[in-house]
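Everything on this sheet refers to the single structure shown next.
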Amino acid sequence: MKDFRELKVWERGHKLTLKIYKLTSGFPREEMYGLTSQMRRSCASIPTNIAEGCGRSRDTELARFMEFAIASSSELEYQLLLSHDLELIKSSDHKLLMDEVIEVKRMLISFFKKLKANC
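In the numbering used here, the protein residues as written are 71 to 189.
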């Protein structure tokens, strides 16, 4: 078992989640149970899956949870694109957050590959 708080990828995912929560607080009220909720869930799922995987006893299980986190990051990528195309977020915010999601996803994939190589 690993302490998830020691992982840089968890820290980056957590910071990204805080930014998404702040961003979506400005979304229209009618999106509360739509895009706002979906973005918050997919983003929070990234550090949540890392934490849950770290609580498992084997690297194979941790790798499985990294796959879930990678999938959630892909989900968030699309939701950011959609929110930009719906003009819910500015282009500058979209670029900044998209860059962060892609970096977190890159880190997750790298970590996943290392775990799989050790299994």
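By construction, the Cβ of each residue, glycine as well, lies at the ideal position given by its N, Cα and C atoms.
Note that the coordinates shown come from a computational prediction; the quantities given were computed from them, not determined experimentally.
Please report the straight-line C-alpha distance between residue i and residue j, rounded to a whole angstrom.
| i | j | result |
| --- | --- | --- |
| D169 | S162 | 11 Å |
| L156 | N119 | 29 Å |
| H154 | T94 | 12 Å |
| F181 | W80 | 11 Å |
| A121 | K72 | 9 Å |
| Q108 | A139 | 15 Å |
| N188 | V174 | 21 Å |
| R99 | K89 | 18 Å |
| D129 | L167 | 30 Å |
| S144 | E76 | 24 Å |
| Y148 | C124 | 27 Å |
| F135 | L178 | 10 Å |
| K85 | R110 | 13 Å |
| K183 | E131 | 13 Å |
| G104 | R126 | 32 Å |
| T106 | S115 | 14 Å |
Taking residue i as part of the alpha helix (DSSP H), name the residues at either end of that continuous run.
| i | result |
| --- | --- |
| S127 | Element bounds for S127: n/a, residue is neither H nor E. |
| E81 | 78-94 |
| L167 | 161-188 |
Hey, residue i and residue j are a contact pair by Cβ (cut 8 Å); roughly how many whole angstroms apart?
| i | j | result |
| --- | --- | --- |
| F97 | L146 | 15 Å between Cβ atoms; not a contact. |
| K186 | A133 | 6 Å |
Q. Is the region 90-105 touching the region 140-155, taking contact as three or more C-beta pairs under 8 Å?
A. yes
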